[in-house]
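K.L.:
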Amino acid sequence: MKNIYLLYRFVFSLIVSFVLSFFPQKGLNAEQRSQDTPLKFKVKSINGQEVDLQQYKGKVVMIVNTASRCGFTPQYQQLESLYQKYKDRGFVILGFPANNFMNQEPGSNEEIKKFCDLNYKISFPLFEKVSVDGSDICPLYQFLTSKDNAPFDGSIKWNFTKFLIGKDGKTVARFEPKVKPDDPTVIETIEKELHRN
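The sequence shown begins at -2 in the numbering used here and counts up by one.
Here it is as C-alpha cells:
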C-alpha cells in the first residue's frame, strides 16, 4: 500500500511539473534580461518636463545620484569637467538628486538647480529629486540595484554612486562614491565605451 501511495505521489508530481512548464515563469528569462536596459524609463527633468531616457541610447551615459550637502558634493565640479571633455564624442551625465542619506539633499528641485548653477555651473542634465533606496525607491534605481542589472546590482550605499551605460543601453560599470569622476579607471572605461561601434 505504501508503495502505491509513493507511486501516485511521484506520478502526480510529474504531471504538475509538466503542466507548469507551459506557464511563463515570473521574472525575466535570459533573453528578456539581455534586452532590458536602464534607459527604458521615463523620468522628469529638474524643470518638471517628462524625459524618455531612450533618447540617450547610442551614447555613453553616466547615471549618478547627487546631493548638495555631502562630503562628495565637490564631485559636481569633476562631473561637469568630465561632461565638457567628452560631450561632443557622445557622452552624457544624468544627475539624480536624492535625499536618502542623512538629509543631505533637503531642498526643492528649484533650490537644487540654483545651487548647481551658482556653485558648479552644471550644464549636464539634472532630474527631479528621487529616492534611490528604501520602500519609495524610484523605478530607475529599482532597476539599477536589482538582479536584472547584475553584476552591477546591490543597494546604493551613499551619494555619488555612478553607473556607466554603454551605447547599447546596458550597464558596463559601477563606481562607488569614493571613486572620483576623473579617476583613471573611470576615464579608461569611458574611453573604451566611446570607441565601441
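The beta carbon of each residue, even a glycine, is placed where N, CA and C say it ideally should be.
Keep in mind it's a predicted model, so treat the numbers as computed, not measured.
Does the beta-carbon of V13 have 16 or more other beta-carbons within 10 angstroms, so that it is buried, or is it exposed?
P.N.:
Residue placement at V13 cannot be trusted, given a pLDDT of 43 that sits under 50; what the coordinates show is reported in the next sentence. Under this definition V13 is an exposed residue.
K.L.:
Could you give the C-beta distance for F124 and V40, rounded to a whole number, given that I count them as a contact under 8 Å?
P.N.:
About 5 Å separates the two Cβ atoms, so the contact holds.
K.L.:
Note down the Cα distance separating V89 from Q46, rounded to an integer number of angstroms.
P.N.:
When rounded, the distance between both Cα atoms is 18 Å.
K.L.:
Name the residue from I60, K56, D145, Q72 whose alpha carbon lies nearest to the alpha carbon of V176.
P.N.:
That would be Q72, whose Cα lies nearest to the Cα of V176.
K.L.:
Roughly how many angstroms separate the alpha carbons of V48 and N194, rounded to a whole number?
P.N.:
Spanning the two alpha carbons is a distance of roughly 25 Å.
K.L.:
If you compare alpha carbons, which of N96, Q101, D165 is closest to Q51?
P.N.:
Minimum Cα distance to Q51 is reached at D165.
K.L.:
I'd like to know whether the C-beta atoms of F38 and L137 end up nearer to each other than 7 Å.
P.N.:
In contact: F38 and L137 (Cβ atoms closer than 7 Å).
K.L.:
Can you list, in chain order, the residues of its chain whose CB lies under 7 Å from that of K126, leaving out five sequence neighbours each side?
P.N.:
These residues qualify, in order along the chain: P94, A95, N96, E102, N106, I109.
K.L.:
Compare the beta carbon distance of V129 and N44 with 7 Å and say whether it is the shorter of the two.
P.N.:
Against a cut-off of 7 Å, the Cβ pair of N44 and V129 comes out as no contact.
K.L.:
Would you kindly check if the distance between the Cβ of P174 and the Cβ of F157 is under 7 Å?
P.N.:
Cβ distance < 7 Å, so F157 and P174 count as in contact.
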